[in-house]
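*Asks:*
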């Protein structure tokens with residue numbers, strides 16, 4: 012089920028006709044409030060959420076459940092990931108699930124080369 016959420020969630024959030032999130036733990040609006048806060052605890056919450064999504068996508072790729080969609084190179088730095096997510100959240104409808112918003116933001120910011128996205 013998580014694989015379906017990860018694979019389908021990103022596409023759904025980009026669909027203009029998609030239904031805003033309901034019954035999710037966190038919306039894009041809630042994540043934006045954490046990420047754009049000046050409070051260190053809120054910023055840490057934001058970064059940990061983003062790292063959790065990133066690690067989950069990486070794990071799903073590693074076990075062959077999904078093709079890679081986020082390829083930041085050798086090192087993913089939490090602050091850089093947060094900056095990319097904030098930029099995405101500022102320009103997109105934040106009513107969708109936070110997980111799909113993070114996946115879309117990082118996919119846009121760190122696209123994989125064509126040969127990396129082909130299933131083996």
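Residue numbers (my numbering): 12 to 131.
All C-beta atoms in this analysis are idealised placements derived from N, C-alpha and C, irrespective of residue type, glycine included.
If you're wondering where the values come from, they're calculated on a predicted model, not measured in any experiment.
1) Per DSSP, what kind of secondary structure is residue 111 in: helix, strand or coil?
2) Does residue 113 pass the burial test, meaning 16 or more other C-beta atoms within 10 Å, or should it be called exposed?
3) Note down the Cα distance separating residue 42 from residue 71, rounded to an integer number of angstroms.
4) Which residues does DSSP list as the beta-bridge partners of residue 38?
5) Which same chain residues, not among the five before or five after residue 97, have their C-beta less than 8 Å away from its C-beta?
6) Between the Cα of residue 111 and the Cα atoms of 63, 50, 53 and 55, which residue gives the shortest distance?
*Replies:* On the basis of the coordinates in this document:
1) Looking at residue 111 - three-state DSSP - the assignment turns out to be helix.
2) It is buried - the Cβ of residue 113 has at least 16 other Cβ atoms within 10 Å.
3) Looking at the two C-alpha atoms, the distance is approximately 22 Å.
4) According to DSSP, which records beta bridges pairwise, residue 38 is partnered with 108.
5) Take residue 97, set aside five residues on each side of it, and the residues of its chain with a beta-carbon closer than 8 Å to its own are 43, 46 and 47, in chain order.
6) The shortest Cα separation from residue 111 among 63, 50, 53 and 55 belongs to 63.
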